[in-house]
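Residue numbers (this note's numbering): 3 to 162. Even glycine gets a Cβ: it sits at the ideal position worked out from N, Cα and C. The structure presented is a predicted model; accordingly, all values stated were derived computationally and were not measured. This report refers to the structure that appears directly beneath it.
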Amino acid sequence: MKKLLFILSLFVALSCNNEVKLQQPVKETKQEIAIDPFLYPLIKEFVREAVERGKGLEITRLDSIGLKTIHVLPDSEMMGNLGYYSKEKGEIALNDFLYNDWLMLRTVLFHELFHALGIEHCDELGVHIMCAVKPRNFTYAYYLDPEVWEPLLDREFNKL
Ligand SMILES: [Zn+2]
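Dropping the structure here:
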């Protein structure tokens, strides 16, 4: 019984301790980055791919590369663009048209995230993630195959 009381009092003490901690103001060390919740799983995937390649990128640290917003805008506001990255605004915007195709959405989001990390377009026409112009017979379904997709990710992450 004594032992139980001791454990109980310890529990109470610990709970009180937690309460005290919770009452302390949370220190604001960095600015929150606003991410459209629908994009969160894909951004987590991007971060995981980065970490797997030894790049210590965390979602919470995307603001350290100057990003403040990653969001989706209606087609009417995107003026024909699938996506863009604005360094000045710290913004990635994606065309809501992309919600029709998960592979396109992933590719364009990753493309813009690579821009935010400082990677430029590839000069030539090609299937690479950073090629703005794709070959005529290109389909995003090509990226469904991990044997295709993984080396394409390697190519861009290796530039970081
Ligand atoms: Zn681009």
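Check: Just to confirm, does residue 113 get its C-beta within under 7 Å of one of the non-hydrogen atoms of ligand 1?
Finding: By 1-based counting over the sequence shown, the position of residue 113 is 111. Short note on residue 113: C-beta closer than 7 Å to some heavy atom of ligand 1.
Notebook entry, point to check: Among the residues of its own chain, which have a CB less than 8 Å from the CB of residue 85, if the five just before and after it don't count?
Noted result: The residue labelled residue 85 in the question sits at position 83 within the sequence shown. Taken in chain order, the residues that qualify are 94, 95, 96, 97, 100, 110, 111, 113 and 114.
Notebook entry, point to check: What did DSSP end up calling residue 67 once you bin it into helix, strand or coil?
Noted result: The count along the sequence shown starts at 1 and reaches residue 67 at position 65. Secondary structure of residue 67 (DSSP, three-state): helix.
Check: Among residues of its own chain, excluding the 5 on either side of residue 156, which ones have a beta-carbon nearer than 8 Å to its beta-carbon?
Finding: Counted from its first residue, the sequence shown places residue 156 at position 154. Excluding residues within five positions, the ones whose Cβ falls inside 8 Å are 55.
Next item on the list: Would you decide whether residue 107 is buried or exposed? Buried here means 16 or more other CB atoms lie within 10 Å of its CB.
Entry: Looking up residue 107 in the sequence shown gives position 105. Residue environment for residue 107: buried (at least 16 other C-beta atoms within 10 angstroms of its C-beta).
Notebook entry, point to check: In three-state DSSP terms, what is residue 47?
Noted result: Locating residue 47 in the sequence shown gives position 45, where the first residue counts as 1. Helix at residue 47.
Notebook entry, point to check: Measuring CA to CA, which of 104, 151 and 162 is closest to residue 122?
Noted result: On the sequence shown, residue 122 is found 120 positions in, with the first residue counted as 1. Of 104, 151 and 162, the residue nearest in Cα terms is 162.
Notebook entry, point to check: Of the choices 67, 139 and 72, whose alpha-carbon is the least far from that of residue 43?
Noted result: Position 41 of the sequence shown holds residue 43. Comparing Cα positions, the closest option is 72.
Next item on the list: Identify which residue in 58, 102 and 89 has its Cα closest to the Cα of residue 76.
Entry: Residue numbering aside, residue 76 sits at position 74 when the sequence shown is read from its first letter. Considering only alpha carbons, the answer is 102.
Notebook entry, point to check: If we call anything under 8 Å between Cβ atoms a contact, is residue 130 one with residue 154?
Noted result: If you number the sequence shown from 1, residue 130 lands on position 128. If you number the sequence shown from 1, residue 154 lands on position 152. Cβ distance < 8 Å, so residue 130 and residue 154 count as in contact.
Next item on the list: State yes or no: is the C-beta of residue 92 within less than 8 Å of the C-beta of residue 68?
Entry: For this step, residue 92 is matched to residue 90 along the sequence shown. For this step, residue 68 is matched to residue 66 along the sequence shown. It is a contact, given that the beta carbons lie within the stated cut-off.
Notebook entry, point to check: With burial defined as no fewer than 16 other Cβ atoms inside 10 Å of the residue's Cβ, what is the status of residue 158: buried or exposed?
Noted result: By 1-based counting over the sequence shown, the position of residue 158 is 156. Buried, since its Cβ has 16 or more Cβ neighbours within 10 Å.
Checklist line | Coarse secondary structure for residue 135, derived from DSSP in three states | finding: Within the sequence shown, numbered from 1, the residue matching residue 135 stands at position 133. It is coil, neither helix nor strand.
Next item on the list: Consider the C-beta atom of residue 117 and the heavy atoms of ligand 1; say whether any pair is separated by less than 7 Å.
Entry: Reading the sequence shown from its first residue, position 115 is the one you call residue 117. Residue 117: yes, Cβ under 7 Å from ligand 1.
Note to self: Below 7 Å, is the gap between the Cβ of residue 130 and the nearest heavy atom of ligand 1?
What the structure shows: The count along the sequence shown starts at 1 and reaches residue 130 at position 128. The beta carbon of residue 130 sits no closer than 7 Å to any heavy atom of ligand 1.
Item checked: Assumed close pair residue 137, residue 146 - CB separation to whole angstroms, cut-off 8 Å -> Position 135 of the sequence shown holds residue 137. Position 144 of the sequence shown holds residue 146. Not quite, the Cβ-Cβ distance comes to about 17 Å (not below 8 Å), so this is no contact.
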